[in-house]
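Colleague: These protein sequence lines are chains A and B, in that order. For the first sequence, numbering that gives the first Met the number 0 begins at 0 and goes up steadily by one. For the second sequence, numbering that gives the first Met the number 0 begins at 0 and goes up steadily by one. Backbone N, C-alpha and C define an ideal beta-carbon position, used for all residues, glycine too.
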Amino acid sequence: MHRLLTSDFGLPTFGLSDFPTIAYLQKNNSFIMATYQLIINGENREVEAVPNTPLLWVLRDNLGLTGTKYGCGVAQCGACTVHLDGAAVRSCSTPVSMIGNKKVTTIEGISSDEKVHPVQQAWMDENVPQCGYCQTGQIMSAVALLEKNPAPNDNDIEAAMSGNICRCGTYERIRKAIKSASTSSAK
Amino acid sequence: MPQLHPLNKNNMKTEISESRIFKVSRRDFLKTTSISASGLLLGLSFSCSDTSKDLTGNPDFTFSPNLFISLNGNGDVTLIAHRSEMGTGIRTSLPLVMADEMEADWKRVKVLQAVADEKYGDQNTDGSYSVRMFFTPLRKAGATVRLLLEQAAAKEWGVDASECKAQNHEVVHTSGKSLGFGFLAEKAAALPIPEESSITLKSPKDFKYISKQSSIVDLKDIVTGKAKFGLDNNHLPNTKVAVIRRNPEPGAGLKSFDAVKALEVPGVIKVFTLDAPGFPTMLNKPLGGVVVVAENTWAALEGRKALDVNWSKGINADYDSHIYNGDMLRRAKTKGKVRRENGQVDKALKGAKKIIEVDYMVPLLSHTPMETPCALAHVHDNVCEVWAPVQDPQGVRKTLAEVLKIDINNVTVNITLLGGAFGRKSKPDFVVEAALISKTMGTPVKILWTREDDIQHDFYHFPAAQHLKVGIDENNKVTSWLHRSVFPPIGGTSNSKEKEASGAELSMGMIDLPLAIDNICCETQEATVRTRIGWLRSVANVHHAYAVGCTLDEVAQARGVDPIQNTLDLLGADRMIDFSSLSPEFWNYGEKPEDFPWSTARYRNVIETVKQKSNWGKDLPKGSGQGFSAHRSFLTYVACVVEVIVDANGKIRIPKVDYVVDCGIPVNPERIKAQFEGGAAFATSLALKSEITVANGATQQSNFHDYQVGRMSDSPYETAVHIVESTEKPTGVGEPPVPPFIPALCNAIFAATGKRIRQLPVRLT
Numbered sequence: 000m001h002r003l004l005t006s007d008f009g010l011p012t013f014g015l016s017d018f019p020t021i022a023y024l025q026k027n028n029s030f031i032m033a034t035y036q037l038i039i040n041g042e043n044r045e046v047e048a049v050p051n052t053p054l055l056w057v058l059r060d061n062l063g064l065t066g067t068k069y070g071c072g073v074a075q076c077g078a079c080t081v082h083l084d085g086a087a088v089r090s091c092s093t094p095v096s097m098i099g100n101k102k103v104t105t106i107e108g109i110s111s112d113e114k115v116h117p118v119q120q121a122w123m124d125e126n127v128p129q130c131g132y133c134q135t136g137q138i139m140s141a142v143a144l145l146e147k148n149p150a151p152n153d154n155d156i157e158a159a160m161s162g163n164i165c166r167c168g169t170y171e172r173i174r175k176a177i178k179s180a181s182t183s184s185a186k
Numbered sequence: 000m001p002q003l004h005p006l007n008k009n010n011m012k013t014e015i016s017e018s019r020i021f022k023v024s025r026r027d028f029l030k031t032t033s034i035s036a037s038g039l040l041l042g043l044s045f046s047c048s049d050t051s052k053d054l055t056g057n058p059d060f061t062f063s064p065n066l067f068i069s070l071n072g073n074g075d076v077t078l079i080a081h082r083s084e085m086g087t088g089i090r091t092s093l094p095l096v097m098a099d100e101m102e103a104d105w106k107r108v109k110v111l112q113a114v115a116d117e118k119y120g121d122q123n124t125d126g127s128y129s130v131r132m133f134f135t136p137l138r139k140a141g142a143t144v145r146l147l148l149e150q151a152a153a154k155e156w157g158v159d160a161s162e163c164k165a166q167n168h169e170v171v172h173t174s175g176k177s178l179g180f181g182f183l184a185e186k187a188a189a190l191p192i193p194e195e196s197s198i199t200l201k202s203p204k205d206f207k208y209i210s211k212q213s214s215i216v217d218l219k220d221i222v223t224g225k226a227k228f229g230l231d232n233n234h235l236p237n238t239k240v241a242v243i244r245r246n247p248e249p250g251a252g253l254k255s256f257d258a259v260k261a262l263e264v265p266g267v268i269k270v271f272t273l274d275a276p277g278f279p280t281m282l283n284k285p286l287g288g289v290v291v292v293a294e295n296t297w298a299a300l301e302g303r304k305a306l307d308v309n310w311s312k313g314i315n316a317d318y319d320s321h322i323y324n325g326d327m328l329r330r331a332k333t334k335g336k337v338r339r340e341n342g343q344v345d346k347a348l349k350g351a352k353k354i355i356e357v358d359y360m361v362p363l364l365s366h367t368p369m370e371t372p373c374a375l376a377h378v379h380d381n382v383c384e385v386w387a388p389v390q391d392p393q394g395v396r397k398t399l400a401e402v403l404k405i406d407i408n409n410v411t412v413n414i415t416l417l418g419g420a421f422g423r424k425s426k427p428d429f430v431v432e433a434a435l436i437s438k439t440m441g442t443p444v445k446i447l448w449t450r451e452d453d454i455q456h457d458f459y460h461f462p463a464a465q466h467l468k469v470g471i472d473e474n475n476k477v478t479s480w481l482h483r484s485v486f487p488p489i490g491g492t493s494n495s496k497e498k499e500a501s502g503a504e505l506s507m508g509m510i511d512l513p514l515a516i517d518n519i520c521c522e523t524q525e526a527t528v529r530t531r532i533g534w535l536r537s538v539a540n541v542h543h544a545y546a547v548g549c550t551l552d553e554v555a556q557a558r559g560v561d562p563i564q565n566t567l568d569l570l571g572a573d574r575m576i577d578f579s580s581l582s583p584e585f586w587n588y589g590e591k592p593e594d595f596p597w598s599t600a601r602y603r604n605v606i607e608t609v610k611q612k613s614n615w616g617k618d619l620p621k622g623s624g625q626g627f628s629a630h631r632s633f634l635t636y637v638a639c640v641v642e643v644i645v646d647a648n649g650k651i652r653i654p655k656v657d658y659v660v661d662c663g664i665p666v667n668p669e670r671i672k673a674q675f676e677g678g679a680a681f682a683t684s685l686a687l688k689s690e691i692t693v694a695n696g697a698t699q700q701s702n703f704h705d706y707q708v709g710r711m712s713d714s715p716y717e718t719a720v721h722i723v724e725s726t727e728k729p730t731g732v733g734e735p736p737v738p739p740f741i742p743a744l745c746n747a748i749f750a751a752t753g754k755r756i757r758q759l760p761v762r763l764t
């Protein structure tokens, strides 16, 4: 069976294989707590974590940002998708030590209490979610796609979204929502 | 108190779920149900007419005429959602029903999730029966409140109640004057609860929310990341995180372990063991193993990775799914135990001119909800409180009380949103783990199942081998139908003596064959449960509908008749089929046949409609094809046409799916459509992608790279859902989309390629 790789989904993703550093750190038993200055949703946040801690768990455990979800831990499902300098990455496979001064944006960072992001609005207009668990990751992938490509066709959408699994099967409505967000932002 | 009819007295769902899990006797079960049923309608924690005097003048007064509805002096309505939300929209649909009947303005309604409590009646959210069971009782609950508010207004104005009509959150008098619900709350509370006979339900033409479009209540929270799933509750200070290394062979024990390296991982606090249950594992017991508790998730995972564990071998150490499945298939070809017999199949087959003889194999399957099993538990001072994504809250509560040996009244189960479930979260095992670990630690504990844990330690959907033999006579008439189904029953996960499929399992697509064939025989063979088996979305309908639907397509080909016409031919004249007279084991999803008869007219209607809606038989290019199947499950009638394109590399695309669904009154059409769109995608995974295999007792797959599920590019591009307008009693829609889709897809692949699909998942290359 073909082993799916993150690169299969055409997304810039910091997968484990991209960072031999993780293995290196473990081999040398360098489980040393370090302090990281991160820029999360436009705010400077200081966290203490061991270097190989995935960004996902820093967001969820250290910072209480639970909108980013665990789904597989190996960059296969996209539930943990966040943006690093605007690009969609799988936070479950992106070690905190690799963030540096790149700007991290999570689902909590794309809307305010007053105003949701146009992609979130499209998701609501199309009634996309069923259980809802994967949808924050789906939305983050869609936002990154539309920022790069404001008018994606079906192939573009499939290529960008095939790294995000939805077991409820909301794919048709996700496609529609991306198209309607694309149309509304083009206006 | 008015005398109430016990709700659904004979209608408790399924002997393969709750009563078996928790060993509740049927008598106790019914007793509980009927008590909670009367409690459901009129409340009986309902004491507001007694206490209202004390509360007069209190602006915070809340009128709670029953367990499910309360209205405060400001006019805010709180409706209780007592079923678990796993993506079906039930947290919206049932409150909508109450709001409609009480004439509440949906914008003034807040939905509150109930904790686990028998006073709400049945909370076990599986079997696609939430709407079926609660539609009428909750309408009555809403209508009672409406009547009380009208009576309160009448009293206030000194007029006859017949001159007062509740509409859109106020009561209006024929003269045109009106009073708001908020104003009337306290006055309504002072009135006696009306007799049930005086309650009138709205006419369907007056429905405002039922059968109308509406969005789910959690929509905005979901898209903004604020919705709380099982692992999203961070409110308890000092919460630790636990993961467990479990024996790859379910139920088997531990020989030894070395935790030295694990304890060196910064953040790891404690490593200890939980006992293995042995085999069979039971449906409600955790698997045991070595527990790693840490300050945070990553430390727990790194600590677990550093464990050195030696496992014991158990009785399934030689279990190999490939050999096991091959053995089932061999036995499916030999005479088995008869479970339904009409006429004389052997004789008819001997006289047949043409015989279709086919075998089908479906593998073990995993649920893989996007949210893996997880829970937060806090056990202290003989009190237990959990927050968990569970389908069966009361089962969890009961199990926790038993395992922790504490009074059930000291156990609180809060139900979070479920990040998908599909049957997996009907088991309490992961919550029990969290509670046992919290008890040991003396702190709140969150348990995380990684995806590897989920895929390797699931309650799998049973593997199934089937053999069908159909005879056609010289007049091109189908005269005989032999169907053998061999699969390890779910009951075997609790009781090793159970080796043969139950009547309920066979009533999911086998012994309820609705075709007018003179000679029918359904047989089973024993199959021993060798891993944990549990129900997956639509349960035994998955493999039965697949085999029956594909065989019918072969019969159509052999008869030289269009597949849809073939099914209509075999269906015979419109009639209500009394299956209990055809097989004593027939089970009607827990409902009396007279309440939910098997109507071939409704079946015929969905089939004829899908033929038209799908433009059946349209011209398609080479490599494309349409396939058809129909199936009744969970009392809902569904017909499905799938269109496929198969390219030169064998890659399958699904440009179009047409479903016609007759689920009685469509309570929430928007969510019905969503369930069918999603059901098509879920069934696509089962048909094309997913397979669990076991070697040496251990599951060989571990994550989505090797247990594949449908992605956007695999899933249907467009699913059209045509809902039959109906005034029949509403029935479920969570599971019924899955069964007919798989044979329709396989039949479409045949139409496109000429290849018959007799084994899942489909492998064309």
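Could you compute how far the alpha carbon of VAL547/B sits from the alpha carbon of VAL382/B?
Modeller: Reading the second sequence from its first residue, position 548 is the one you call residue 547/B. Reading the second sequence from its first residue, position 383 is the one you call residue 382/B. Roughly 51 Å between the two C-alpha positions.
Colleague: What alpha helix (DSSP H) runs, 4 residues minimum, are completely inside the stretch 151-223 of chain B?
Modeller: 180-188, 218-223
Colleague: From the beta carbon of GLY41/A, is the nearest beta carbon of chain B less than 9 Å away?
Modeller: Residue 41/A sits at position 42 when you count from the first residue of the first sequence. GLY41/A does not count as touching chain B.
Colleague: In this structure, how does DSSP classify GLY136/A when only helix, strand and coil are distinguished?
Modeller: Taking the first sequence and counting its residues from 1, the one referred to as residue 136/A is at position 137. The answer is helix: DSSP assigns GLY136/A an H, G or I state.
Colleague: Give a yes or no on whether 9 Å exceeds the smallest Cβ distance from ASN148/A to chain B.
Modeller: Sequence index remark: in the first sequence, residue 148/A carries index 149 (1-based). ASN148/A does not count as touching chain B.
Colleague: For VAL402/B, go through chain A and note every residue whose CB falls closer than 9 Å to its CB, in chain order.
Modeller: Residue 402/B sits at position 403 when you count from the first residue of the second sequence. The contacting residues do not exist; VAL402/B stays about 26 Å from chain A at best.
Colleague: Nearest to ASP577/B by alpha carbon, out of VAL158/B, SER506/B, ASP646/B?
Modeller: Numbered from 1 along the second sequence, position 578 holds the residue referred to as residue 577/B. Checking every option, the nearest Cα to that of ASP577/B belongs to SER506/B.
Colleague: Within 10 angstroms of its Cβ, does HIS321/B collect 16 or more other Cβ (buried), or is it exposed?
Modeller: One-based indexing of the second sequence puts residue 321/B at position 322. Flag for HIS321/B reads exposed.
Colleague: Could you tell me the boundaries of the alpha helix (DSSP H) in which GLY302/B lies?
Modeller: The residue you call residue 302/B lines up with position 303 of the second sequence. First-last of the alpha helix (DSSP H) with GLY302/B: 296-304.
Colleague: Can you look up TYR170/A in the DSSP assignment and give me helix, strand or coil?
Modeller: What you label residue 170/A is simply residue 171 of the first sequence in a count that begins at 1. If DSSP states are grouped into helix, strand and coil, TYR170/A belongs with the helices.
Colleague: Can you tell me where the beta strand (DSSP E) with GLU47/A in it begins and where it stops?
Modeller: Counted from its first residue, the first sequence places residue 47/A at position 48. Annotation for GLU47/A: the continuous beta strand (DSSP E) segment containing it runs 42-48.
Colleague: Taking its Cβ as the centre, do 16 or more other Cβ atoms sit within 10 Å of HIS234/B, making it buried, or is it exposed?
Modeller: On the second sequence, position 235 is the one that residue 234/B refers to. Around the beta carbon of HIS234/B, a 10 Å sphere encloses fewer than 16 other beta carbons of the protein chains shown; the residue is thus reported as exposed.
Colleague: Given a threshold of 16 other Cβ atoms within 10 Å of its Cβ, counted over all protein chains shown, does ILE109/A qualify as buried or as exposed?
Modeller: On the first sequence, residue 109/A is found 110 positions in, with the first residue counted as 1. Classification for ILE109/A: buried.
Colleague: Starting from THR683/B, trace the beta strand (DSSP E) in both directions and tell me its first and last residue.
Modeller: By 1-based counting over the second sequence, the position of residue 683/B is 684. THR683/B -> not in any beta strand (DSSP E); alpha helix (DSSP H) instead, spanning 668-683.
Colleague: Near PRO362/B, which residues of its chain fall below 6 Å by C-beta distance, leaving aside the five closest residues on each side in sequence?
Modeller: Reading the second sequence from its first residue, position 363 is the one you call residue 362/B. PRO462, GLU690.
Colleague: Under 7 Å Cβ-Cβ, which residues of chain B neighbour ASN152/A?
Modeller: One-based indexing of the first sequence puts residue 152/A at position 153. Correct list: empty, because the minimum Cβ distance to chain B is about 13 Å.
Colleague: Report, in whole angstroms, the separation of the C-beta atoms of VAL49/A and VAL57/A, which I expect to be a contact under 8 Å.
Modeller: Counted from its first residue, the first sequence places residue 49/A at position 50. Counted from its first residue, the first sequence places residue 57/A at position 58. Contact doesn't hold; Cβ gap of about 10 Å is too wide.
Colleague: Taking the alpha carbon of VAL264/B as the point to measure from, which residue in THR764/B, HIS721/B, THR550/B, LYS304/B has its own alpha carbon closest?
Modeller: Here residue 264/B refers to the residue found at position 265 of the second sequence. Per the Cα distances, LYS304/B.
Colleague: Name the chain A residues whose beta carbon is nearer than 9 Å to that of ALA680/B?
Modeller: As a first step, residue 680/B must be located in the second sequence, where it is residue number 681. The answer, in chain order, is CYS165, ARG166, CYS167, GLY168, THR169, TYR170, GLU171.
Colleague: So, for ASP99/B: in the same chain, excluding its five sequence neighbours on each side, which residues have a beta-carbon less than 6 Å away from its beta-carbon?
Modeller: Your numbering for residue 99/B matches position 100 in the second sequence. Here the set comprises PHE206, LYS207, TYR208, ILE209.
Colleague: The beta strand (DSSP E) with GLU356/B in it runs from where to where?
Modeller: The residue labelled residue 356/B in the question sits at position 357 within the second sequence. That run of the beta strand (DSSP E) goes 353-361.
Colleague: List the residues that DSSP assigns as beta-bridge partners of PRO53/A.
Modeller: Numbered from 1 along the first sequence, position 54 holds the residue referred to as residue 53/A. Note: PRO53/A sits in a beta bridge opposite PRO94/A.
Colleague: Mind listing the chain A neighbours of GLY733/B? Cutoff is C-beta to C-beta under 9 Å, in chain order.
Modeller: Your numbering for residue 733/B matches position 734 in the second sequence. Result: empty, since nearest Cβ-Cβ is about 10 Å, beyond 9 Å.
Colleague: Hey, quick one: how far does the beta strand (DSSP E) through THR238/B stretch, first residue to last?
Modeller: Counting from 1 along the second sequence, the entry for residue 238/B is found at position 239. THR238/B -> no beta strand (DSSP E), and no H or E assigned at all.
Colleague: For the stretch 500-515 of chain B and the stretch 617-632 of chain B, state whether three or more C-beta atom pairs, one from each stretch, are separated by less than 8 Å.
Modeller: In short, these stretches touch, since the Cβ pair count reaches three.
Colleague: Let me know if THR124/B comes out buried or exposed under the rule of 16 or more other beta-carbons within 10 Å of its beta-carbon.
Modeller: As a working mapping, residue 124/B is identified with position 125 in the second sequence. With 16 or more Cβ atoms within 10 Å of its Cβ, THR124/B is classed as buried.
Colleague: Got a sec: is the Cβ-Cβ distance from THR52/A to anything in chain D below 9 Å?
Modeller: You won't find chain D in this structure, because its protein chains are A and B.
Colleague: Along chain B, in chain order, which residues have C-beta atoms closer than 8 Å to that of THR60/A?
Modeller: Translated into positions along the first sequence, residue 60/A becomes position 61. In the sequence under discussion, the amino acid at residue 60/A is Asp, which differs from the Thr named in the question. In chain order: VAL240, ASN295, THR296, TRP297.
Colleague: State the DSSP-derived secondary structure class of HIS767/B, mapped to helix, strand or coil.
Modeller: Residue coverage of chain B in this structure runs from 0 to 764, which leaves residue 767/B outside it and unanswerable.
Colleague: Applying a beta-carbon distance threshold of less than 7 Å, which residues of chain A neighbour THR718/B?
Modeller: Here residue 718/B refers to the residue found at position 719 of the second sequence. Residues of chain A passing the Cβ test: GLU171.
Colleague: Can you pull the chain A residues whose beta carbon is under 7 Å from the beta carbon of ILE221/B, in chain order?
Modeller: For the purposes of this step, residue 221/B is identified with residue 222 of the second sequence, where counting begins at 1. Here the neighbours are PRO128, GLY131, GLN134.
Colleague: In angstroms, rounded to a whole number, what distance separates the CA positions of ARG166/A and GLU717/B?
Modeller: Reading the first sequence from its first residue, position 167 is the one you call residue 166/A. Reading the second sequence from its first residue, position 718 is the one you call residue 717/B. Going from the Cα of ARG166/A to the Cα of GLU717/B covers about 17 Å.
Colleague: In the DSSP assignment, what residue or residues form a beta bridge with GLU248/B?
Modeller: Position 249 of the second sequence, counting from 1, holds the residue named residue 248/B. BP columns for GLU248/B are empty, so no partner.
Colleague: What residue ranges within the stretch 279-345 of chain B form continuous beta strand (DSSP E) runs of no fewer than 3 residues, ordered along the chain?
Modeller: 288-293, 307-310, 336-341
Colleague: How many angstroms separate the CA atom of ASP257/B from the CA atom of ILE446/B?
Modeller: In the second sequence, counting from the first residue as 1, residue 257/B sits at position 258. In the second sequence, counting from the first residue as 1, residue 446/B sits at position 447. In a straight line, the C-alpha of ASP257/B is about 21 Å away from that of ILE446/B.
Colleague: Could you check whether ASN40/A and THR104/A sit closer than 9 Å to each other, using their CB atoms as the reference points?
Modeller: Within the first sequence, numbered from 1, the residue matching residue 104/A stands at position 105. Within the first sequence, numbered from 1, the residue matching residue 40/A stands at position 41. Yes, the Cβ-Cβ distance between THR104/A and ASN40/A is below 9 Å.
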